[in-house]
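In the working numbering, the protein residues as written are 8 to 247.
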Amino acid sequence: MTDGPAAHLLYADQVVKTYPDGDVHALNGVTLGVKAGQHVAITGPSGCGKSTLLNLLGVLDKPDAGEVYFRGEPLSRHPDLNNFRARQIGFVFQSFFLIPTLSARENVQVPMFEGPPRSTRERVRKADELLELVGMAKRANHLPLKLSIGERQRVALARALANDPAMLLADEPTGNLDSDNAVKVLDLFASLQKSRNLALVVVTHSDEVAERADRVIRMRDGRVVNDSGTARVSTSGCAS
């Protein structure tokens, strides 16, 4: 990268992550910056380190070496990473991870308990607004098992937006969807990302998903081997 942490919303600087035996690198010195409002796709074969990198960017894990910065500040010094993650980052996963005993409306409210203080009425109103936004207002009272796969992903997206995050991270968000629902969900992602000026980072195996991004990062063996946002290409790396 030609500019450092201060120029980016989120910035991973030479991050390293090893497997438990310490001999094999899942990530080996990856540097990656994401700017506000930017849509980035991370691609590569299974085991290349892309989901591990997403976990570090989302503060679901910590690097063994290197640093992750948010708005120029090192996250290793942040006093409450759980609170930071709840307020600043929204997650969408391939398997949705909706709570089966809660309605769509209640699932969307779950992150709000870790976000800015809200009354019960405010939480319900916010959840209903988000469900309306993703086209799920009429299904607000339904349990996940009563929803289609595409509908569950829409609820998961609404939940990811519950605390108005600055960044949205998605791990294979269309992996469980048929082609028709995949297109609809991707269109919804694009619309929300632009209207809210979200930084959006998507991990995907799909070229069709990656082609929608402003920038495509290709990984192999724990390293970035191609970044469409830079002229730098590296082919070296360790096994992952």
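Beta carbons: idealized from backbone N, C-alpha and C, even for Gly.
Residues near residue i by beta carbon distance below 8 Å, same chain, minus five either side
i: Ala-169; result: Gly-97, Val-115, Gln-116, Val-117, Pro-118, Met-119, Gly-122, Lys-133, Ala-134, Leu-137
i: Arg-125; result: Met-119, Lys-133
i: Thr-204; result: Reading off the sequence shown, one finds Asn at residue 204, where the question assumed Thr. Ala-43, Gly-44.
i: Ile-106; result: Glu-113, Asn-114, Val-117, Pro-151
i: Thr-108; result: Leu-150
Nonlocal neighbours in the same chain, by C-beta distance under 7 Å from residue i, ignoring five residues either side
i: Leu-184; result: Ile-156, Gly-157, Gln-160, Val-192
i: Ser-110; result: Ala-147, Asn-148, His-149, Leu-150
i: Thr-181; result: Ala-189, Val-192, Leu-193, Ser-213, Val-216
i: Leu-34; result: Val-22, Val-23, Lys-24, Gly-56, Thr-59, Leu-60, Gly-229
i: Gln-248; result: Here the chain comprises residues numbered 8 to 247, so residue 248 is not present and cannot be evaluated.
Nearest residue (CA-CA) to residue i, options the options
i: Ser-58; options: Ser-235, Gln-21, Asn-233, Met-226; result: Met-226
i: Phe-103; options: Asn-90, Ala-163, Ala-167; result: Ala-163
i: Ala-197; options: Ala-33, Leu-175, Arg-112; result: Leu-175
i: Gly-44; options: Ala-144, Lys-24, Lys-201, Arg-219; result: Lys-201
i: Ala-93; options: Ala-167, Gly-142, Phe-77; result: Ala-167
i: Glu-113; options: Asn-89, Asn-90, Ala-144, Pro-81; result: Ala-144
i: Asn-91; options: Pro-81, Val-208, Phe-100; result: In the sequence on display, residue 91 carries Phe and not Asn. Answer by Cα proximity: Pro-81.
i: Leu-195; options: Val-231, Val-99, Leu-105; result: Val-99
i: Ala-206; options: Phe-77, Thr-108, Glu-139, Leu-105; result: Phe-77
i: Val-75; options: Ser-186, Val-209, Leu-105, Gly-36; result: Gly-36
i: Glu-275; options: Leu-199, Thr-108, Val-231; result: Any answer about residue 275 is impossible in this case: the structure gives the chain only from 8 up to 247.
Pair within 7 Å by beta-carbon distance, residue i and residue j
i: Leu-60; j: Pro-70; result: no
i: Leu-67; j: Val-41; result: no
i: Gln-95; j: Pro-172; result: yes
i: His-46; j: Asp-221; result: yes
i: Gly-73; j: Val-23; result: yes
i: Gly-79; j: Pro-12; result: yes
i: Asp-10; j: Thr-38; result: no
i: Val-141; j: Ala-165; result: yes
Classification of residue i by the beta-carbon crowding that lies within 10 angstroms, buried from 16 upward
i: Ala-14; result: exposed
i: Lys-153; result: exposed
i: Arg-84; result: exposed
i: Arg-128; result: exposed
i: Asn-89; result: exposed
Cβ shell of residue i (< 6 Å), same chain only, five flanking positions each side left out
i: Ala-217; result: Ala-48, Thr-50, Thr-211, Val-223
i: Asn-188; result: Gly-157
i: Asp-234; result: Ile-224
i: Gly-236; result: Arg-222
Counting only runs of 4+ residues fully inside the segment 89–120, write out the alpha helix (DSSP H) ranges in chain order. Scanning the segment 89–120 for uninterrupted alpha helix (DSSP H) segments of 4 residues or longer gives 111–116, listed from N- to C-terminal end.
Jot down the residue ranges of each uninterrupted alpha helix (DSSP H) in the segment 123–160, minimum 4 residues, whole runs only, in chain order. Counting only runs of 4 or more, we get 127–140.
Ignoring anything shorter than 4 residues, give me the alpha helix (DSSP H) runs that lie fully in the segment 53–86, in order along the chain. Counting whole runs of 4 or more residues, the segment 53–86 contains the alpha helix (DSSP H) stretches 57–64.
Contiguous alpha helix (DSSP H) assignments of at least 4 residues, all confined to the segment 156–232: Fully contained in the segment 156–232 are the following alpha helix (DSSP H) runs of length 4 or more, in chain order: 156–167, 186–203, 214–217.
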